[in-house]
Amino acid sequence: AVTYQHEFESKEFLKFNSRILNYLATQMKPVKINNQEVQAISFGPTDLAATEWDESQTAALEHNLDAYSAFLHFGNINQDKKWLKHAASLKKFNLAMWDDSRSHFWSGANLKNGVVNKEELYLDNQTWSLLALDKNSFKSLNTKNALALNCDELMVEHEGISGFMDSKPTRRPASSQFVWSEGTAGQILAMKRHNTVHNEALVCNGLKSQSFLNNIKKMKKSDGGIAYATPTSNPDFSSASSVAGTVWFYFASNNINPFHLDHLN
2 AVTYQHEFES
12 KEFLKFNSRI
22 LNYLATQMKP
32 VKINNQEVQA
42 ISFGPTDLAA
52 TEWDESQTAA
62 LEHNLDAYSA
72 FLHFGNINQD
82 KKWLKHAASL
92 KKFNLAMWDD
102 SRSHFWSGAN
112 LKNGVVNKEE
122 LYLDNQTWSL
132 LALDKNSFKS
142 LNTKNALALN
152 CDELMVEHEG
162 ISGFMDSKPT
172 RRPASSQFVW
182 SEGTAGQILA
192 MKRHNTVHNE
202 ALVCNGLKSQ
212 SFLNNIKKMK
222 KSDGGIAYAT
232 PTSNPDFSSA
242 SSVAGTVWFY
252 FASNNINPFH
262 LDHLN
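Every position in the sequence shown, counted from 1, becomes a number in my numbering once 1 is added.
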């Protein structure tokens, strides 16, 4: 909606966008992480009985990166300090997920006690963080190590495709291996942004970002879409054409950062 407002100089979706962001703001909760008071949006408004954890008391980095970008760009284009203040609050939480000793991001935290989840490693915790954060924050982090973590822990070759899985437990191998197109495209963009900011082209186990882009091309289906993943028994991932995989392939092919579009920075 913000991109539409900018491109077409239209406020057609202004009220719609404002209502969504107002709701998101009501989901922000205080939490103390590493002796720092921050605010974060919970995973969900209520707990789901089907899961072993409480969604209403859990904050995921992924969600807070989305909300941070939404608040930031809406505040900037409409010159509204309220939204910029919310963005600044969420940015503190997002940066609190950075582990200085390991040079990478963790996935989230418990809102009751501030304990950071260190049980899993997620691909998009590194890539989306590095795409969403501003250039100064990007420069302050060891982004090379964060992206190298994805290469070391999540890069796979499956069905003749080289790319990245979505996640794995910290202390043991993943239960299944497959290539996730959406996530692989995010890794490509993050590698490209590292090159732009630090003037250093990254190589991931011998492969450059263009090599991964060429591998995603191999996942194109007969209908023209990009498969969401290579064949896997994981019920959350399908080898059918997907909107997410296709759109992120388009982003990566055209070097478009959907979190920080240049004209909205």
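From the three backbone atoms N, C-alpha and C, an ideal C-beta is built for every residue, glycine too.
In this text the structure is predicted, and so the values were computed from the model without any measurement.
- Each residue's CA atom was taken as its position, placing Lys136 and Lys93 some 15 angstroms apart.
- Collapsing the DSSP output to three states places Thr59 in a strand.
- Excluding residues up to 5 positions away in sequence, Thr233, Ser234 and Asn235 lie with their Cβ nearer than 7 angstroms to the Cβ of Ser177 in the same chain.
- Pairing Gly207 with Ser163, the inter-Cα distance amounts to about 11 angstroms.
- For Met192, the enclosing alpha helix (DSSP H) has its first and last residue at Ser182 to His199.
- Cβ neighbours of Lys222 within its own chain (closer than 7 angstroms, five residues either side excluded): Ala228 and Ser242.
- Ala110 is positioned such that its CB atom lies closer than 8 angstroms to that of Ile34.
- Look at Phe213 here: in three-state DSSP terms it is helix.
- The DSSP assignment places 109–111 and 121–123 as complete runs of the beta strand (DSSP E) inside the region 72–143, in order along the chain (cut-off: 3 residues).
- The criterion of a C-beta distance shorter than 8 angstroms is not satisfied by Val3 and Phe72.
- Within the DSSP secondary-structure output, Gln28 pairs in no beta bridge.
- In the structure shown, the three-state DSSP call for Val3 is helix.
- Remark: fewer than three beta-carbon pairs, one from each stretch, lie closer than 8 angstroms, so the region 79–88 and the region 55–64 are not flagged as touching.
- Leu208 carries a strand assignment under DSSP once its states are collapsed to helix, strand and coil.
- Cβ neighbours of Lys219 within its own chain (closer than 8 angstroms, five residues either side excluded): Gly161 and Ile162.
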